[in-house]
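Note that our numbering has the sequence shown beginning at 262, numbered continuously upward.
First up is the structure itself, then whatever we jot down about it.
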Amino acid sequence: MTVSISVRLLDAIGATPIGGGSWRLAILDNGKPVYEDQTNVAYTGGVLTATASVNSWTHLVLSVTPGRYAAAGVTLNRSTIGAYRDDPLTVVRKLELGAVDVDLPLLRLREAPGVSPDQTPTVGKELTGPWLRQRPPTEYRELSVTDWLTNRSPVRRVMDVTGAKGGVIGDADADAWDRFNTRNNASIPRNAGAGMLLEYGEVGSLSAAGARFLVGMWAPARADTTRPPTWRDIVAFIHPSTAKPWYPVVAYPFRRQYPYAVGENTQVPAADPDRIYQPYAHLAHQYIVGAWVHYHRAGNEAVIVTPIFPNPPDKDPDRLEYGLPFRTTSGMARLAAEVNMFLHRLGYGFSGFGFDRWWGAASIAPPHFSSIEVPAPAVRKVAMAAYSASTTQLDTLLSGQELREMRYPSGTWGVPDAVNSAFAAQWQETWCLDLLTGKATVPAATVERHLNDWVTANSGRRFVMGGSGTTGGSDPGALYPALSKASTRVTGKSSSEPARSAEVWHGPDGKWLALFCTNKYLSAAAAQGNDWPRYPVNPTDDEAHGFMFQIASGLAWGWTAVGNP
């Protein structure tokens, strides 16, 4: 008997993958091999075909090693009660004794392979993956040397209270948190979800000449796991500039010193176990796990993603390409599609799914067989968030710049126009978390124009904004005069300290919510109790800037519709 096999390869958006690779096929009958090609068969194009002579068979094992995509594979089990597979992304079109016809997606996203060095590596050493701690349980070392996963109770979150003075502002004459309307909640990070470090881009077997990026991801624990999700919401965060001395300078295609080089964290004491660390992996954890997990409310299903940008040499084109391809909607649309499909391949949200293999603990979810085909959920809503000097990349996104650069061709790093238009409709919120404007980034007038154009182009769009005195929040009307004029404004000012003031802006029809504070408003008279984050006492401009990020982040997570059913 002859069995004919046809495998159609697709990428994350359903197109034919570029490049070729190799594949292997094995056929078993009740556990006994009856056919196995001992060599990897080269392929080009998007369809793999083979024929095999066997008397009977029960299992078919496909392994694909693409040149420019992550390795993929599926085991198919032919049964009288259904077509079983161990890959939720694989679509079985036919699974019969004499014919097999399946679709197998290939992704440009894979889990970053963790490594456990025998001893503390020296500064400058290049590891091959995220540093895992040696003692059980296995997980990212960053999580054991920094208190990011510490249970925090209470967590203070500034909120917009209808009917309260300013909606956000409390008593400007009070000290610390009483200057705001806040809500307290407890944060138990390990119960709230889990994080994973990923590699994105040229992750295939022949991809060393192309760019590969580190990506941080946080997936929340779903409230209802009795059925797989039918929609996926994403918050994509653009981190501040990596043009800092503690991030190794690395040129395209980012294969040396990025993202796993070992550095020295001079911002902590010499005896601190975090003194020797991986700066790019640290950055991936810093915002997603370090801050946002504590504000991510129970029941919110938004997946948080942050691509990590290498610190480029101060020359072109590396300098001009900083933030690509993610500073374009086409590049972000591709990343969102890849993340969505990757999570579905893991079985995230399915009945019985757990996070025990996350945090770097083990390779991705163990195989599970299912005869029920569950389509990957559609991306529903997206929020774009940016902080500090990432104003430059956010402004480019808001302006709608296309992905045309030769080193990041749209066919590989972007999406077709129809998919890009769909993503533009999915992008419903923008979070401006104390943006730095001016000569170092983008003029405030440019940001205001692009933000206003973006929010008015679609009735469902809205934005949240926070501003400190460090970034111009002491006089927000001068920075954003058009938005100020269109807003309903409420001001809170201390009667004893005129420099301690705050403003809240509400846009028409709820299109925006903005909070601006002078740095005096962000300064406590004395150290507070155990509330997190700590309200700073006499903060420097940089410390006030960081505290405003915390305030704006908590405000955004309480305000957002992204991730809510």
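C-beta atoms are modelled at their ideal positions from N, C-alpha and C, and glycine is treated no differently.
Remember, it's a predicted structure, so these values are computed and weren't measured experimentally.
- With respect to the alpha helix (DSSP H) encompassing Phe808, which residues constitute its N-terminal and C-terminal limits? For Phe808, the enclosing alpha helix (DSSP H) stretches over residues 802 to 820.
- Item | Cβ-Cβ separation, Glu804 to Lys827 (assumed contact under 8 Å), whole Å | What the structure shows of the chain is the stretch from 262 to 826, and residue 827 is not part of that stretch, so it cannot be assessed.
- Message: Do Arg493 and Arg641 have their beta-carbon atoms positioned less than 8 Å apart in this structure?
- Response: Yes, these two residues count as a Cβ contact at 8 Å.
- According to the Cβ coordinates, are Asn291 and Phe630 closer than 8 Å? Between Asn291 and Phe630, the C-beta spacing is not below 8 Å.
- Query: Per DSSP, which one or two residues make a beta bridge with Tyr461?
  - Reply: Tyr461 pairs with Leu370, Phe474.
- Message: Between which two residues does the beta strand (DSSP E) holding Leu286 run?
- Response: According to the DSSP assignment, Leu286 belongs to the beta strand (DSSP E) that extends over 282 to 290.
- Query: Looking at C-alpha atoms only, which residue of Glu463, Gly584, Val680 is the closest neighbour of Ala332?
  - Reply: When each option's Cα is compared against that of Ala332, the closest is Glu463.
- Query: Taking the Cβ atom as the reference point for each residue, do Trp674 and Gly584 lie within a distance shorter than 8 Å?
  - Reply: Between Trp674 and Gly584, the C-beta spacing is not below 8 Å.
- Give me the Cα-Cα distance between Ala559 and Val315, rounded to the nearest whole angstrom. Distance from the CA of Ala559 to the CA of Val315, rounded to the nearest whole angstrom, comes to 53 Å.
- Message: Measuring only the C-alpha atoms, how far is Asp434 from Asn445?
- Response: Approximately 21 Å between the Cα atoms of the pair.
- Limits of the unbroken beta strand (DSSP E) element including Pro294: It spans 293 to 297 - the beta strand (DSSP E) in which Pro294 sits, taken as one unbroken run.
- Tyr583 lies in the beta strand (DSSP E); which residues open and close that run? In the DSSP annotation of this structure, Tyr583 is not part of any beta strand (DSSP E), being labelled neither H nor E.
- Query: Under a three-way DSSP split, which group does Asn869 fall into?
  - Reply: Nothing in the structure corresponds to residue 869, since the chain is present only between 262 and 826.
- Message: Pop quiz: Asp535 and Val384 are said to be a contact at Cβ under 8 Å. What is the actual Cβ separation, rounded to whole angstroms?
- Response: Their Cβ separation, rounded to whole angstroms, is 13 Å, which puts Asp535 and Val384 out of contact at 8 Å.
- What does DSSP give as the partner residues of Glu758 in its beta bridges? The partner list for Glu758 (beta bridge, DSSP) is empty, contrary to what the question assumes.
- From Gly280 to Arg329, what distance separates their C-alpha atoms? Annotation: Gly280 to Arg329 spans about 7 Å, alpha carbon to alpha carbon.
- Query: Which residue spans inside the stretch 335 to 414 form an unbroken alpha helix (DSSP H) run of at least 4?
  - Reply: Whole alpha helix (DSSP H) segments, 4+ residues: 403 to 406.
- Go to Arg710, then tell me how far its alpha helix (DSSP H) extends in each direction, as first and last residue. Boundaries of the alpha helix (DSSP H) harbouring Arg710: 705 to 717, taken from the DSSP string.
- Whole-number beta carbon distance between Trp409 and Gly621, since they are thought to touch under 8 Å: About 14 Å; that fails the 8 Å criterion.
- Using DSSP bridges, identify the partner residues of Leu744. According to DSSP, Leu744 bridges with nothing at all.
- Which whole-angstrom value is the C-beta distance of Asp695 and Ser649, which I expect to be below 8 Å? Going by Cβ atoms, the distance from Asp695 to Ser649 rounds to 7 Å, so yes, they are a contact pair.
- For the alpha helix (DSSP H) that contains Gln547, what are its first and last residues? First-last of the alpha helix (DSSP H) with Gln547: 540 to 548.
- Identity of the residues DSSP links to Gly328 by a beta bridge: According to DSSP, Gly328 bridges with nothing at all.
- Query: For the beta strand (DSSP E) that Leu596 lies in, which residues bound it at each end?
  - Reply: Where Leu596 is concerned, there is no enclosing beta strand (DSSP E), although the alpha helix (DSSP H) it sits in stretches over 590 to 607.
- Length-filtered (3 minimum) beta strand (DSSP E) runs lying within the stretch 482 to 553: Here the runs fully enclosed are 492 to 499.
- Task: Would you identify the three-state DSSP class for Gln689, choosing helix, strand or coil?
- Result: Here Gln689 sits in strand by DSSP.
- Leu697 - containing beta strand (DSSP E), residue span: Premise fails: Leu697 is in no beta strand (DSSP E) and is neither H nor E.
- Task: For my contact list, Thr326 and Ser283 are in at a C-beta cut-off of 8 Å; report their separation, rounded to the angstrom.
- Result: Ser283 and Thr326 do touch by the CB rule: their CB atoms are close to 5 Å apart, below 8 Å.
- Would Met645 pass as a contact of Thr589 if the rule is Cβ separation under 8 Å? No, Cβ-Cβ distance for Met645 and Thr589 is not below 8 Å.
- If you follow the alpha helix (DSSP H) that Gly672 is part of, which residue opens it and which one closes it? Segment 671 to 674, the alpha helix (DSSP H) holding Gly672.
- Message: Let's test the definition: count the other Cβ atoms within 10 Å of the Cβ of Ser756 and tell me whether it reaches 16, buried, or not, exposed.
- Response: Classification for Ser756: exposed.
- Message: Using the Cβ count rule (16 or more neighbours within 10 Å means buried), how would you classify Leu783?
- Response: Within 10 angstroms of the beta-carbon of Leu783 lie 16 or more other beta-carbons, which makes it buried.
- Item | Residues of its chain near Ser324, where Cβ-Cβ distance is below 6 Å and the 5 sequence neighbours each way are ignored | Answer for Ser324: Arg285, Gly334, listed in chain order.
- Query: What residue from Pro742, Leu393, His546, Gly431 has the CA that sits closest to Ala455's CA?
  - Reply: If we check each option's Cα against that of Ala455, His546 comes out closest.
- Message: On a Cα-Cα basis, can you pick out the residue from Pro573, Cys693, Gly343, Trp793 that is closest to Ala512?
- Response: Out of Pro573, Cys693, Gly343, Trp793, Pro573 has the C-alpha closest to the C-alpha of Ala512.
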